[in-house]
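With the numbering used here applied, the sequence shown covers -3 to 710.
Backbone N, C-alpha and C fix where the C-beta goes; we use that ideal spot for every residue, glycine too.
Keep in mind that this is a model prediction, so the values were computed, not measured.
Below is one structure; the comments refer to it alone.
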Amino acid sequence: METQEIAAAARHFAAMARIVGPDPKAVKMRRHAFHLHQSGSTTLSASALLLPRGALAEPPPLLDHVCAAHGHAGDVALTAASLVEPFLVAEQRGDPGEEFKPRLVPEARIDVLVEHEELGNIQDGKSRPPQWLSARLLAMVDVPTAADSVLSLLKHDDSFIGRPLWDVGWSLADVNQKQVESDIRSSLKSSRNNASIESMGALMLAKSATRIAILGISTINSNNARPINVSEMQHRGDSLLVVGSPFGLLSPFHFFNSSISVGAVANCLPPCAGRSSLLMADIHCLPGMEGAPVFDKNSCLVGLLMNPLRQKDSNIEVQLVIPWDAICTGWNNKKLEEIGGGPSELPDKNADSKTMELRMYVSSTVNKINQYCISPSSIREAISAVVLVTVGESSWASGIILNKRGLVLTNAHLLEPWRFGRTSPSGVQTSFAGEYLNARENKSLQPQQCKFSNEDAVKHEVSLFNLGFKREKRISVRLDHAERQMWCNASVVFISKGPLDVALLQMEKVPVELNTIRPEFVCPTAGSSVYVVGHGLFGPRSGLCSSLSSGVVSKVVQIPSAQLSHLSGTEAHNMDMPVMLQTTAAVHPGASGGILVNRHGLMVGIITSNAKHGAGSTIPHLNFSIPCKSLETIFKYSEIGEPAILEQLDKPNEVLSSVWALSPSSYPFIDNPPEKTKEEKVLEFSKFLSDKQATLKSSTDLKELFKHKMPSKI
């Protein structure tokens, strides 16, 4: 389906929820990026998933029981519980004990804004404005499996040294958060030495991040409820579309269902699991979109967008999506019993099988389509060729499997970081995307037993150019295959001493299952779609597989091939050769050595670095890769294994070095205007004075001169 068709179908189930309540001290907006506060009351808003009765072929039994327990006979809307949590009564705030009997403070009010055509009373074919419907807070329900996945990421953060802590919420919310800290976070800060309190704080944060509010609204359209199909399973690289209302309450006329964001599944949690309880999404979202429905490329419901995971003191955000499957399975029989209904209201002993049928439900037509709705096999093969590389107890990055003998391509700065401190004269730096471990994390990285081939890996001869690397550091490579991960030791084969940031590792034993990358030596053009696959942000202890991000090639930097004949291994031709690719796909620390692939799953480059401001903050969507055309020597060596081939990469090249140093446009292959002689400069200055004197003949001209004069900063 085209994006326009998916968006049109998604809008039928996209709504906006708002809550208004008393807030005399103006503290309810904490942890929220935007709000309205006037006359002692605060208004907050979020997006919502609209579920009219009959829209789902088999709705989760929990929804019916919640409605029955509250005597609600209308429709429901789901949104992020973070919207209503500030207005819960004090004893339920932060960690509500009775999730099926939530109570708001007196005078708090919830409304849901829906498209007018959903009301079923359009007349004369004319479009009507959206309409607010009064809503009731029926329940605030946790999704345990999703909370466990978020908790694993939050707890993983404790193992790092010198990096910002992870938190849940929009980075724009920091302004409000600094104005008034919540009691929970304040108590945690004062008890950092108590590990149990820290653990409890992370658990509460994870539950809050995945808690869903069930709102009851009046029946929208009892005559013609549109069906909503459910996506069966998601994989890395699958397309996603979100329809939400960012900053909605500031002006519903402008922002209601105004944001249509398109992206892809970046990662799935838990790692190597058959079914996902949490999705990391490579998609651009804005505050107020939490609670929005997420759809796949066949307009099937994937799940609910929640508040993002973010790094404190940075603008890095990881969008989180709770799959509908996880929501249904999380709302199990135990939850039904907690509602307090009688035995007759509970499902029968076969409820587990019915729940399984619900999870597997997709309409017959859509089910046939979804068989081909996953990532292309070529993309999945490329993803499986990316490995995690750790060096001693100091750092980690990504690598690419080149051949069946276990040869791995990665970046030289992972092994020799002191050689790559690049800074351009303009103050823009290249920040190589590696990360660092401490001893505690590295203890969990011991190589594990895995099934190897009968013959050991072919040992590539170690080049004499690699003696600078400290051999006492243990190098480990982790492969991610299907439902398991395998660790193997590796040794250094080659570290480039030239301008290209590349190195080769050899796995000491080669697993039977080993997928290799397929290179594409034809350089992509600007505007081409590409994917980045690497182990960015989250390191080995998280257990996460490689993450995927999408974007386009924004620029191809080329220089005359005569300058680089040693790289291609061919004679120089009168043509330009690509030496650097810039892309808009997000690259984060840890993605160094990852792959840049095209839509066919072919490798077009190796990720090397991203840009960094002089102040130190990285720019994820401005990054640099070495194109495969410049790596032909590497791939030739991977085929024939002749060490002498690699010596070409150690040759110095001032032109190529200046490109990767981000030097100004002063390369010899760029035509600069000829330098003027001293006499020409004197004549030019004399002409300038003459022209200015002519403009001062009258006061009118003088006024005109000062009119266009640049104002002084003094």
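Cβ-Cβ separation between Val506 and Gly402: approximately 4 Å, consistent with a contact (criterion under 8 Å).
Residue pairing for Ser37: DSSP places it in a beta bridge opposite Pro18, Gln34. The C-alpha of Gly597 lies about 17 Å from the C-alpha of Ile622. Contact annotation: Leu45 and Leu300 have beta-carbon atoms nearer than 9 Å.
As for any beta strand (DSSP E) of minimum length 3 sitting wholly inside the region 263 to 333, the runs are 274 to 278, 289 to 291, 297 to 301, 305 to 307, 313 to 319, ordered along the chain. Secondary structure of Lys677 (DSSP, three-state): helix. Given a length threshold of 3 residues, each whole run of the beta strand (DSSP E) inside the region 186 to 260 is given here in chain order: 208 to 213, 235 to 240.
Non-local beta-carbon contacts of Glu286 in its own chain, meaning distances under 7 Å to residues more than five positions away in sequence, involve Ala42, Ser43, Ala76, Ser78, Leu301, Met302, Asn303 in chain order. As DSSP reads the structure, Asp144 sits in no beta bridge. Rounded to the nearest whole angstrom, the CA to CA distance from Ala381 to Arg480 is 14 Å.
Here DSSP, grouped into helix, strand and coil, assigns Lys400 to coil. Val139 is positioned such that its CB atom lies no closer than 9 Å to that of Ala13. DSSP, reduced to helix, strand and coil, places Leu642 within a helical segment of the structure shown. Excluding its 5 nearest sequence neighbours in each direction, Val85 has C-beta neighbours in its own chain below 8 Å: Arg99, Leu100, Val101, listed in chain order. Under DSSP, Lys493 forms no beta bridge with any residue. As the crow flies, the alpha-carbon of Leu150 is around 12 Å from that of Lys203.
Pairing Ser550 with Ala522 gives a Cβ-Cβ distance under 9 Å. In terms of CA proximity to Gln88, Met136 leads the group Val72, Met136, Val387, Glu103. Closest by C-alpha distance to Val385, out of Leu236, Ala486, Ala378, Leu297, is Ala486. Here Lys625 is buried: its Cβ has 16 or more other Cβ atoms, across all protein chains shown, within 10 Å. For the options Pro48, Met573, Val651, Cys264, the alpha carbon positioned closest to that of Gly212 is the one of Pro48.
Taking a C-beta distance under 9 Å as the contact criterion, Leu500 and Phe490 qualify as a contact pair. The secondary-structure analysis by DSSP pairs His477 across a beta bridge with Arg480. In this structure, Ser148 lies near Leu265, with their beta-carbon atoms less than 9 Å apart. Distances from the alpha-carbon of Val314 to those of Trp320, Ser241, Asn294, Pro283 put Pro283 closest.
Shown here for Pro520: same chain residues with a beta carbon closer than 7 Å to its own, the five before and five after excluded, namely Val526, Val549, Asn594, Val600 in chain order. Put simply, the region 236 to 248 touches the region 20 to 38. At least three CB pairs are less than 8 Å apart. Listed as beta-bridge partners of Gly395 by DSSP are Val383. Membership of Trp162 in the beta strand (DSSP E) is indicated by the continuous run 162 to 164.
Distance from the CA of Ile397 to the CA of Asn649, rounded to the nearest whole angstrom, comes to 27 Å. Taking a C-beta distance under 9 Å as the contact criterion, Gly530 and Ser394 qualify as a contact pair. Taking the Cα positions, Met482 is about 48 Å away from Phe83.
Residue range 543 to 556 is occupied by the beta strand (DSSP E) that includes Lys551. Assignment of Val139 by DSSP, reduced to helix, strand and coil, places it in the coil class. The C-alpha of Asp321 is placed about 19 Å away from the C-alpha of Val62. Within the DSSP secondary-structure output, Val72 pairs in a beta bridge with Leu47, Gly212.
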